[in-house]
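Trainee:
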Amino acid sequence: ENQLTENLNSLKKIGQNISDKKDQFLHALSETPIPNFNTLKEIYHDIVNYESHIDEIKNISNKENENIILYIDTITKLKEKVQSILNFVTTYENDNNIIKQHIQDNDEDNVSKIKETLKTTIQSFQEILNKIDETKAQFYGNNNINNIISTISQNVNDVKKHLSKDLTIENELIQIQKSLEDIKNSTYEIRSEQITKYINTINNYVEQQTKHIQNNPNKDEIDDIIQKIVNYNKESEIKLPTIIDNKNNVTSIISHINKVIDLIKSEYNNNNNVSYNVAKKHEEDANIIIRDLDTSQNMVNNLIQKNFKIINDLKNRKQEMENRNNLHAINRQQEITQTEHINNTYHPHINHTNNINKNHQYSSSDRKNSSKTKDTGNSVKYAGAITLGLVAYYVIIRTKEKKDKDEMEFDKSTSFYDENENKNESDLFKREDEIIEIDMNEDL
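Printed below as a string of structure tokens:
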């Protein structure tokens, strides 16, 4: 009984403490504008600690209850045995023959004493049973240990129920925070700040190289620059899927945050608490990451398009250089051919000798080289013929008019002819941008 009384008093004290903690918890949860989650957890931990003491008391109470049952069973059996003995004595006492027989052997007073002792023993056993029943009713009745334990358990469960949602919210927020930190770490190289540095490096290189090409054009260098820019574009294109994947990951995190915010609203019935503010801050951080990745994606796309244009410009510049070089080579060959033709026209004896040498060389050279020489000469064939005709006509007229003049006058006329030749050359062969145009209509 003392042990049960001590246990009962301990349970009542613990029950009151848990009840007070529950009220404190509910007050912190609902009435405080901004609940302190650490305070809630502290209260919860106190309750859990009390609950562990309850388990100890429950074990003791259960053991005592088992003892009570054992006591009742043992005393009841003893009482029944004593009652059986008493019944036996009483039965034989009423039997005259037996009584007479025993009276002869025993004193009548002894029988009465035995019966009295048996009755007293039975009464004692009954008193013990009554006391046990009273104790059992006291501790296991309406105001008993089990009821107190049940009430305490209900209070603890109420707190756990509320705190369970809080713990769920806290765990969700912790998970969201970790996910955002992972995103921030994994996207460092593709955030706008780093992408800006990356793009500036490429732009500076391209700008320097294009300026160098403008000052010192070189086809091989242009090819090198084009290949370098192509490699930059390939490198940039690899960044785009990474940016898009991380944007999708952040979008999923934002969806997760919205679900947690809905849970917070249903739990606290207001938007003015720590968990809600933390969730909104995570949402803001996630949106910042999304916008920054959008910026990075646009910057990379613009860089790729810009580089494509630069590549095309460099290819066009290279083509222009090749065209100019080809035209220059053609025009140079035309100049050489024209010069040779004019020299041959005004020095017949040299021309005759050169023709003999050329014919000799032609006959001994490969036909393939002859074909190339012929093609080159054909380019000015008609212009040379016209020039030769005009010169011949001019010489005949001048010879007829001045046939009586001396050699000195002939030399002067030759000098005059040379001057007119230069003039006619100027009219016949006009160059513009290293391209020879022959105007035949003017002299004709």
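Residue 292 in full-length UniProt numbering sits at position 292 of the sequence shown; the count goes up by one each step and never skips. Each residue gets a CB set at the ideal place from its N, CA and C atoms; glycine is no exception.
Label residue 486 either buried or exposed according to how many other C-beta atoms from any shown protein chain fall within 10 Å of its C-beta, with 16 as the threshold for buried.
Mentor: In the structure displayed, the chain extends from 1 to 444; residue 486 sits before or after that span and is not available.
Trainee: Indicate whether residue 263 and residue 145 have their beta-carbon atoms separated by less than 7 Å.
Mentor: Locating residue 263 in the sequence shown gives position 263, where the first residue counts as 1. Locating residue 145 in the sequence shown gives position 145, where the first residue counts as 1. Against a cut-off of 7 Å, the Cβ pair of residue 145 and residue 263 comes out as no contact.
Trainee: For residue 191, name the three-state secondary structure that DSSP assigns.
Mentor: Locating residue 191 in the sequence shown gives position 191, counting from the first residue. Of the three classes helix, strand and coil, the one that applies to residue 191 here is coil, per DSSP.
Trainee: Go ahead and pull the three-state DSSP assignment for residue 241.
Mentor: Against the sequence shown, residue 241 aligns to sequence position 241. Reduced to three states, the DSSP call for residue 241 is helix.
Trainee: Could you name the residues of the same chain whose beta carbon sits closer than 6 Å to that of residue 296, not counting the 5 residues immediately before and after it, in chain order?
Mentor: Looking up residue 296 in the sequence shown gives position 296. If we look at residue 296 and ignore the five residues flanking it on each side, its Cβ neighbours are 190, 192, 195 and 243.
Trainee: Between the segment 218–229 and the segment 144–158, are three or more C-beta pairs nearer than 8 Å?
Mentor: With a cut-off of 8 Å, the segment 144–158 and the segment 218–229 do not count as touching, because too few Cβ pairs lie within range.
Trainee: DSSP three-state label for residue 273, please.
Mentor: As a first step, residue 273 is located in the sequence shown; it is residue number 273 there, counting from the start. The answer is coil: DSSP assigns residue 273 none of H, G, I, E or B.
Trainee: Within 10 angstroms of the Cβ of residue 214, are there 16 or more other Cβ atoms? Answer buried if so, exposed if not.
Mentor: Counting from one through the sequence shown, the residue named residue 214 turns up at place 214. Residue 214 comes out exposed.
Trainee: In angstroms with no decimal places, state the Cα-to-Cα distance between residue 117 and residue 87.
Mentor: The count along the sequence shown starts at 1 and reaches residue 117 at position 117. The count along the sequence shown starts at 1 and reaches residue 87 at position 87. Between residue 117 and residue 87, the C-alpha separation is close to 13 Å.
Trainee: Go ahead and pull the three-state DSSP assignment for residue 216.
Mentor: As a position in the sequence shown, residue 216 is number 216, starting the count at 1. Coil, per DSSP.
Trainee: Scan the segment 133–175 and note each continuous alpha helix (DSSP H) run of 4 residues or more that stays entirely inside, going in chain order.
Mentor: Qualifying alpha helix (DSSP H) stretches: none in this window.
Trainee: Count the other CB atoms within 10 Å of the CB of residue 188; is the residue buried (16 or more) or exposed (fewer)?
Mentor: Here residue 188 refers to the residue found at position 188 of the sequence shown. Result: exposed.
Trainee: Here's the rule: buried if 16 or more other CB atoms are within 10 angstroms of the residue's CB, otherwise exposed. What is residue 252?
Mentor: As a first step, residue 252 is located in the sequence shown; it is residue number 252 there, counting from the start. Its Cβ having fewer than 16 others within 10 Å, residue 252 is exposed.
Trainee: Among 26, 40 and 50, whose alpha-carbon lies nearest the alpha-carbon of residue 13?
Mentor: Position 13 of the sequence shown, counted from the first residue, corresponds to residue 13. Residue 13 has its Cα closest to that of 50, out of 26, 40 and 50.
Trainee: By alpha-carbon positions, which one of 184, 61 and 112 ends up nearest to residue 287?
Mentor: Residue 287 sits at position 287 when you count from the first residue of the sequence shown. Taking only the C-alpha atoms, the option nearest residue 287 is 184.
Trainee: Determine the burial state of residue 123: buried for a count of at least 16 other Cβ atoms within 10 Å of its Cβ, exposed for fewer.
Mentor: Position 123 of the sequence shown holds residue 123. Classification for residue 123: exposed.
Trainee: Looking only at C-alpha atoms, which of 11, 72, 48 and 71 sits nearest to residue 59?
Mentor: Walking along the sequence shown from the start, residue 59 turns up at place 59. The residue with the shortest Cα to Cα distance from residue 59 is 11.
Trainee: Do you know offhand how far residue 2's Cα is from residue 178's?
Mentor: Residue 2 sits at position 2 when you count from the first residue of the sequence shown. Residue 178 sits at position 178 when you count from the first residue of the sequence shown. If I take the Cα positions, the gap works out to 55 Å.
Trainee: Does the beta-carbon of residue 15 have 16 or more other beta-carbons within 10 angstroms, so that it is buried, or is it exposed?
Mentor: Your numbering for residue 15 matches position 15 in the sequence shown. Buried is the call here.
Trainee: Using 8 Å for Cβ pairs, my map puts residue 113 next to residue 90. What's the rounded Cβ distance?
Mentor: For the purposes of this step, residue 113 is identified with residue 113 of the sequence shown, where counting begins at 1. For the purposes of this step, residue 90 is identified with residue 90 of the sequence shown, where counting begins at 1. Incorrect: roughly 14 Å between the Cβ atoms, too far for contact.
Trainee: Rank 77, 152, 328 and 164 by C-alpha distance to the C-alpha of residue 129 and give the top, closest one.
Mentor: In the sequence shown, counting from the first residue as 1, residue 129 sits at position 129. Considering only alpha carbons, the answer is 77.
Trainee: Say whether the segment 305–314 touches the segment 226–245, bearing in mind that this needs 3 or more beta-carbon pairs closer than 8 Å, one atom from each stretch.
Mentor: Contact holds: three or more Cβ-Cβ distances are below 8 Å.
Trainee: If you draw a straight line from the C-alpha of residue 41 to the C-alpha of residue 163, how long is it?
Mentor: As a working mapping, residue 41 is identified with position 41 in the sequence shown. As a working mapping, residue 163 is identified with position 163 in the sequence shown. Going from the Cα of residue 41 to the Cα of residue 163 covers about 8 Å.
Trainee: Can you tell me the Cα-Cα spacing of residue 333 and residue 200, whole angstroms?
Mentor: To locate residue 333, count along the sequence shown from 1; it is residue 333. To locate residue 200, count along the sequence shown from 1; it is residue 200. Straight-line Cα distance between these residues: approximately 47 Å.
Trainee: Using CA coordinates, which residue listed in 152, 61 and 282 is at the minimum distance from residue 5?
Mentor: Within the sequence shown, numbered from 1, the residue matching residue 5 stands at position 5. The shortest C-alpha separation from residue 5 is found at 61.
Trainee: Write down the C-beta distance between residue 300 and residue 236 rounded to the nearest angstrom, noting that I regard them as a contact closer than 8 Å.
Mentor: What you label residue 300 is simply residue 300 of the sequence shown in a count that begins at 1. What you label residue 236 is simply residue 236 of the sequence shown in a count that begins at 1. Sure, about 5 Å apart at Cβ, within 8 Å.
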